[in-house]
Amino acid sequence: MDRYVKQRLFGVLVRAATALVVGVMLLVVGVTIVRGGAALLGDPSIVFTPPGSRYMLEGDGGFLHAVLGSIFIVGPATVVSMVLAISTAIYLQSDYSSERFSDTVNMFLNVLWATPPIVYGVFVLTVIIAVGARTSLFFGIVAIAIFQYPIMTRYTDEALRSAPETVTESAYGLGATRFETARMTVRAALPGVIAGIIMGFARGIGDAATVLFTAGRSTQMPAGLFEPATTLPILIFDQSTSFNAEVRSHAYAASFVLIVAVLALIFLSKLLAGRFARYAPGGRHS
Amino acid sequence: MEESIESGDADRRSDRLGRRLLVERLSSYWLRGAGYFAIGLFCLIVLTLVHRSLPLLAEYSLVQMLTSANWDPSQNQFGFLPAIVGTIYVAALSMLMGTPIAILVAIYIAEYAEGRLKVIVSSFIDVLAAIPSVIFGLVALLVVVPFVGNYLAPAVGASATGLGIFTVSLVMAIVVTPFMISLSVESLEALPDELRESSLGVGATKLETIRSVLLRAAGPGIFSAVLLGFGRVFGATIVPAMLIGGQTQMPDSLFATGQTLPTLIVSDFGELMSIPITQSALIFVGLMLVVVVWFFNFGAMLVQRRLRRRWQY
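Heads up: the sequence lines are chains P and S, in that order. Following UniProt numbering, the numbering of the first sequence begins with 1 at its first residue and continues without gaps. Following UniProt numbering, the numbering of the second sequence begins with 1 at its first residue and continues without gaps.
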């Protein structure tokens, strides 16, 4: 075969592969939005209604408990792991630690980053058994925070690394301490940091495996910090295989809410990144 | 009079310096703690899992458990082989389907797409990577399961409900492809333009440039992307749990139902809380997952280092 024909064929091949992947993505989002949208349009109040007493069997009431559970679990977890992640990322900068130590920490972070979420779930569950507690909102927060920590640290570390070195140097040149310099660096890298935190939030809100065993899988409204709770992904996981069409349609509606939330978060992260870019030296509006 | 003002000023200044230094010292303790937290967390997880797996390992032989096909916690039979085989089937099949497509799309984004189209396609890939896996599972229940059960399995002469190893592999390939794409694009785009220019300059076509120069130069990065993707399929929980059918048996065909290691934990969760020895067995599954993923990460690092030396440019 002529080598130019081969080249052209290859061009067609890569385009076809890309079209396939984009098509699959549109299919996934499309099916979720159409089926979920249909279920939601039929009865929009299910998002704001607490579940009834026979919710898992007959689907009376709505899934407000899962919506609130998601917010109460992922919100605090994001705050906790945001503080930890930013601190770790600052420590990994050369000013605080030797290169060797930060390489070691990075290796452990990579392993944590790749650890399957179910392992975090099992780990937190063994802790729960060990301290004699029961599954609750609190342990759901712990599990999600552990899950988000390596993700956020990686994004934050990358953002801090890409911050211009002149910021650090001028801060030191003016006599700032390491902590004050680190604050300047974080501010210079703010777009990346914020985008990373929002991505961590999006990953946390979509994950089911970590909270499946730790949050309690309850079918009632979350009653307190040490009471069982549930989240949207768990609800979808449990109800998508139900025999009752009504209960199944709640899973579709919940997946609509979840995918809209995740897409909105990604959009927000890109938007904020652009907006905050003006605080960064060399940023878009500087 | 003047002197006292000056000394007051100096006092205040040294006061402020003292405060700044105090903040500096305290924050450095905190940050050091945060640095050690990553190591501590990993060690704590591994040690807890090891400690909790010991009761099982003390009672049964490791080799026997890994090679026995009999899984029945209520009879104290802990054979991990069906779940291990299921996991390997799923991981191998989804990598087989996902890897070529991921590399092709990565080449398209890095080498072919330009301007606006490139931004659009890569943000589509970002979105695909961020969709929660439970939604993939749900859509697969609506679309892939009927398709496999009604058309694909009968077409190759197998009878199936649509739930099973092949369905899981197909969906996991979709889940893991965007992840591999973005890692591969990163390593393709990190290549210097001189490589492309000099290859095209000596008369190679674009395909020849990609095949014998760019894929080689970016090879280590792409290889570790594939290994990391493999690790991710290996530990995937939600999609297999929704689609694999959940029967702990040796899979006899690609369309058979089965079990993977993570779904073993999910489906026997009820017993995890009550019976100590089953609890220990399922925690041991978690330990296996950590070890295998750690192994793959470490392998990816070593291979990357070695290939980089071999395929250096």
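For every residue, glycine included, the Cβ atom is placed at its ideal position computed from N, Cα and C.
I'd like to confirm the pairing. Which residues does DSSP put opposite residue i in its beta bridges?
i	result
S/D72	S/Q77
P/A229	P/G216
P/G61	P/P51
Can residue i and residue j be called in contact, C-beta distance under 9 Å?
i	j	result
P/I236	P/A85	no
S/G246	S/T263	yes
P/V47	P/G62	yes
P/Q239	P/A261	no
S/V144	S/V233	no
P/A229	P/G69	yes
P/V21	S/I222	no
S/G40	S/T260	no
S/S267	S/T248	yes
P/T156	P/T88	yes
P/S45	S/R32	no
S/P73	S/T278	yes
P/Y91	S/G35	yes
P/R178	S/S28	yes
S/M242	P/T231	no
S/A300	S/L200	no
P/A215	P/L137	yes
P/F267	S/I45	no
S/G137	S/V171	yes
S/V293	P/P116	yes
Thinking residue i and residue j are a contact (beta carbons under 8 Å), I'd like their distance in whole angstroms, please.
i	j	result
P/I73	P/G121	13 Å between Cβ atoms; not a contact.
S/S187	S/A218	4 Å
P/T146	P/V211	Looking at the sequence shown, residue 146 of chain P is not Thr but Ile. With 8 Å as the limit, P/I146 and P/V211 do not qualify as a contact, their Cβ atoms being about 11 Å apart.
P/V126	S/T48	The question names Val, yet the displayed sequence has Thr at residue 126 of chain P. Contact holds; Cβ gap of about 6 Å.
S/G231	P/A114	5 Å
S/I120	S/G258	Incorrect: roughly 39 Å between the Cβ atoms, too far for contact.
P/V247	P/M56	7 Å
S/Y89	S/P251	6 Å
S/P178	P/P233	About 19 Å separates the two Cβ atoms, so there is no contact after all.
P/M199	P/I259	About 16 Å; that fails the 8 Å criterion.
S/L56	S/I84	S/L56 to S/I84, Cβ: 16 Å. No contact.
P/F213	P/T135	7 Å
Consider the Cβ of residue i: report whether some Cβ of chain S lies at a distance smaller than 9 Å.
i	result
P/S240	yes
P/D207	yes
P/P228	no
P/E180	yes
P/F237	yes
P/G11	yes
P/R3	yes
P/F243	no
P/S97	yes
P/T153	yes
P/P117	yes
P/Y252	yes
P/F147	no
P/F72	no
Measure from the C-beta of residue i to each C-beta in chain P and report whether the shortest distance is under 9 Å.
i	result
S/I107	yes
S/E197	no
S/L152	no
S/V213	no
S/F147	no
S/I84	no
S/R12	no
S/E208	yes
S/W294	yes
S/Q279	yes
S/L191	no
S/T237	yes
S/M242	yes
S/E24	yes
S/P262	yes
S/P73	no
S/Q312	no
S/D126	yes
residue 316 of chain S	Past the boundaries of the shown model lies residue 316 of chain S; chain S is included only from 1 to 313, so the question cannot be answered.
Whole runs of the beta strand (DSSP E) within the stretch 226-278 of chain S, excluding any shorter than 3 residues:
none
Unbroken stretches of the alpha helix (DSSP H), 4 residues or longer, contained in the stretch 94-120 of chain P
99-114
Alpha helix (DSSP H) runs wholly inside the stretch 22-109 of chain S, at least 4 long, in chain order:
With a minimum length of 4 residues, the continuous alpha helix (DSSP H) runs that stay inside the stretch 22-109 of chain S are 62-67, 81-107.
Just to confirm the assignment: which complete alpha helix (DSSP H) runs, minimum length 4, are found wholly within the stretch 119-175 of chain P?
137-162, 165-173
Taking only runs that begin and end inside the stretch 129-179 of chain S, name each unbroken alpha helix (DSSP H) of 4 or more residues, in chain order.
133-142, 144-147
At 3 residues or longer, what runs of the beta strand (DSSP E) sit wholly inside the stretch 239-278 of chain P?
none
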